[in-house]
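Comments concern the structure below.
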DNA sequence: CTTCAAATCCAACAAAAGTCACAGTAACCC
DNA sequence: GGGTTACTGTGACTTTTGTTGGATTTGAAG
């Protein structure tokens, strides 16, 4: 039923590996709000979302939240812990009711050993993730919050793969968690982009008014406008 | 001459793959200050440092620098571009005169196809890098500059693998580039840690006076001192 | 020993981001 | 429709970080 071949990790793998995969995969369900696994816990395995919405995040001591991804069906997560068997590097919770396939670390390793193409896919996917993290890292080091917000609205490059939810649908609180800041700051930055004419309010929702302007703001650090 | 087996990527690989590897590897030399490759350029391949010191960094439009790693012999770099063949994700320059082995993207791919153990090592190494980037990302989102500085001085976890240079040896300018800030701010934070008694000046150089205190500061966000 | 360039120290100021408090406004559910 | 809840708007204030400019120290080279 799930179309495994549409998942980049499993593209073009041998039929035998595919059937093996299906034997190994366990189906699990989570209620809205339920924790799928926690940061630091023993490896939860490799997850594939079949249905629902999953938040991947980290939290610091004082309860501030950093949302790394908001994932929809056919996205996978926890690839790193699944392959190295160490503790989960972040938390995962079901935002809405969610169904996932899970493959344990041990089973994944045996699959990787049996199908070379799967292993090659895995290398490519990890490399891709690496690039994305690097870009997020640069966002945090170099970009101001208005710039990060503009980038999120453009919703291309990095964010589109990790935040599978149009920014229009997100609350300011959620945007703040994605950008690594607080609600008020997002509110102010949002007002800024509206005043600068880069975004426009269309009734309740916010639409892009000046794509090029957003792009310019997202790329350069100099913060403009009120 | 180079002990290839000490490089995690090549640990335990077959003798035939190893000899293949040695055929493919080209030796190159760079003068102090020379650019090894630039961000965005066509893939430079897989690099292994034989001698010298290499700075891996990104730069934003306004010339601010973010040093990702400072690498010494037997460290490797550009693993991501080498495996996916896309453009280099960062710049690499030789800080001192430097000798490296280079393996082209095409050759690396053919090596990975011929030796399964090499491919498995590669997956594990990429996963490891992924964790490190994630930790750096969290440092940038959650930690204040004094906290990041404390972490750098503890010189464990992430930093030790990427900054193969004791922090004592670095100039404030260099520390600033690693922490993603400016020289003056590092100076202030350094004074702060000295005043708080976490670090001490021993003649010219700075030594750790209170390891636990540093650890506490590095972990919690609440900024203390002065 | 002198000289020069690099590195550091420091204070004062500017800008960005975080915090607090509270008022408005939509949405949702009896 | 009334009341509750979640989300938004906004001003005032604090803290942290970035910037500027100049004084001082240090180390290496001549």
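Protein chains in written order, with the numbering used here: chain A, 1 to 226; chain B, 1 to 226.
No residue lacks a Cβ here, since even glycine has one placed at the ideal position from N, Cα and C.
Note that the structure is predicted; figures quoted are calculated from it, not measured.
- Proximity of the stretch 67-82 of chain A to the stretch 11-31 of chain A falls short of the contact definition, fewer than three beta-carbon pairs being nearer than 8 Å.
- By a beta-carbon distance limit of 8 Å, residue 118 (chain B) contacts residue 13 (chain B). Their separation comes to about 5 Å.
- Residue contact with chain B for residue 159 (chain A): absent (no Cβ-Cβ distance below 7 Å to any residue of chain B).
- Here residue 171 (chain B) is exposed, its C-beta having fewer than 16 other C-beta atoms within 10 Å.
- Listed in chain order, the alpha helix (DSSP H) elements of length 4 or more contained wholly in the stretch 5-47 of chain A are 15-24.
- Per the Cβ contact rule, the stretch 153-169 of chain A is not in contact with the stretch 123-136 of chain B (fewer than 3 Cβ pairs under 8 Å).
- Neighbours of residue 126 (chain B) in chain A, taken as residues at a C-beta separation under 8 Å, are given in chain order as 123, 126, 127 and 130.
- Apart from the 5 residues on each side of it in sequence, residue 43 (chain A) sits with its Cβ closer than 7 Å to the Cβ of 81, 82, 85, 86, 87, 88 and 105 in its chain, given in chain order.
- Using a 10 angstroms sphere on the CB of residue 136 (chain B), the tally of other CB atoms reaches 16 or more, which defines it as buried.
- Listed in chain order, the non-local C-beta contacts of residue 178 (chain B) below 7 Å within the same chain comprise 67, 152 and 163, local neighbours out to five positions each way being set aside.
- Per DSSP, reduced to three states, the secondary structure at residue 153 (chain B) is helical.
- Only 134, 136, 137, 138, 140, 141 and 142 from the stretch 134-150 of chain A bring a Cβ to less than 7 Å from some Cβ of chain B.
- Look at the stretch 158-189 of chain B and you find these whole runs of alpha helix (DSSP H), each 4 residues long or longer: 172-179.
- Comparing alpha carbon positions, the residue from A:59, A:60, A:48 and A:181 closest to residue 71 (chain A) is A:48.
- Residue 12 (chain A) does not reach chain B, its nearest Cβ partner there being about 14 Å away, counting only Cβ pairs nearer than 9 Å.
- Using a CB distance below 7 Å, the part of the stretch 72-86 of chain B facing chain A consists of 80, 83 and 84, ordered along the chain.
- Taking 7 Å as the cut-off, the Cβ atoms of residue 130 (chain B) and residue 129 (chain A) count as close.
- Two segments are said to touch when three or more pairs of C-beta atoms, one from each, lie closer than 8 Å; by this definition the stretch 90-108 of chain A does not touch the stretch 197-214 of chain A.
- Look at residue 162 (chain A): its C-beta is not under 7 Å from any C-beta on chain B.
- Any Cβ of chain B closer than 7 Å to the Cβ of residue 45 (chain A) would place that residue at the interface, and such an atom is absent.
- At a cut-off of 7 Å, the C-beta of residue 60 (chain A) has a neighbouring C-beta in chain B.
- In the DSSP assignment, residue 91 (chain B) is bridged to B:57.
- For residue 65 (chain A), no CB of chain B lies under 7 Å from its own CB, so it is not counted at the interface with that chain.
- The three-state reading of DSSP puts residue 68 (chain B) in strand, counting E and B together.
- Put simply, of A:212, A:182, A:184 and A:181 the residue whose alpha carbon is nearest the alpha carbon of residue 196 (chain A) is A:212.
- In the DSSP annotation of this structure, residue 96 (chain A) is not part of any beta strand (DSSP E), being labelled neither H nor E.
- Taking C-beta atoms as the reference points, residue 51 (chain A) and residue 73 (chain A) count as a pair closer than 7 Å.
- For residue 208 (chain A), the beta-bridge partners assigned by DSSP are A:199.
- Per DSSP, reduced to three states, the secondary structure at residue 104 (chain B) is coil, with no helix or strand assignment.
- Cα atoms of residue 35 (chain B) and residue 112 (chain B): separation of roughly 28 Å, rounded to the nearest angstrom.
- By the beta-carbon neighbour count (other beta carbons within 10 angstroms, threshold 16), residue 180 (chain A) is buried.
- Put simply, the CB of residue 111 (chain A) is far from chain B, with every gap to its CB atoms at 7 Å or more.
- Closest by C-alpha distance to residue 142 (chain B), out of A:5, A:189 and A:58, is A:58.
- Interface with chain B (7 Å Cβ-Cβ cutoff): residue 52 (chain A) is excluded.
- Residue 144 (chain A) sits in coil when the DSSP states are folded into three classes, being neither helix nor strand.
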